[in-house]
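Q: In our numbering, the protein residues as written are 28 to 154.
#1: Which word fits residue 75, buried or exposed, when buried means at least 16 other C-beta atoms lie within 10 angstroms of its C-beta?
#2: Would you call residue 54 buried or exposed, if buried means 16 or more other Cβ atoms sit within 10 Å of its Cβ?
#3: According to the Cβ coordinates, are residue 152 and residue 78 closer than 9 Å?
#4: Going by alpha carbons, who is nearest to residue 91 out of 143, 38, 131 and 39?
#5: Would you kindly work out how many angstroms separate the C-alpha atoms of residue 64 and residue 73, rounded to a whole number?
#6: Which residue wins for smallest C-alpha separation from residue 48, given the options 35, 142, 58 and 82?
#7: Return the residue from the list 134, 45 and 39 that minimises the CA-CA distance to residue 84.
#8: Which first and last residues belong to the alpha helix (DSSP H) in which residue 50 is found?
#9: To which residues of the same chain is residue 67 closer than 7 Å at the C-beta, ignoring the five residues directly before and after it?
#10: If we call anything under 9 Å between Cβ atoms a contact, is residue 71 one with residue 146?
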């Protein structure tokens, strides 16, 4: 089986991150329809808090993943003598599940950092 290129893998990681950032940008801008008058400084503040909120969502995902002892690393896969034959596939499944879970968290942290960085750029640009 052929491995995907670096660009394809990077796009698979960045696509959800960019969608989350776009939602945060639009949500921060849309909040002015409900609360307050639009200023760049206020937009920067709301975007910063949106970034913190996105990171907290990722943190909650990690916290919930650690709530179960069976999700910490690889649980005991040998529960019966006949399990030795399938132990490799069970470990492989567990590692794939952990990689998917931590990929989710990394995407949300990356999106939060991008939102906070954009907030700082808006703040500096409007001084």
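Where a beta carbon is used, it is the ideal one built from N, C-alpha and C, also for glycine.
Bear in mind that the values here come from a model prediction, so they are computed numbers and not experimental data.
A: So, from the listed chains and residues:
#1: buried
#2: exposed
#3: no
#4: 131
#5: 12 Å
#6: 142
#7: 134
#8: 33-57
#9: 149 and 153
#10: yes
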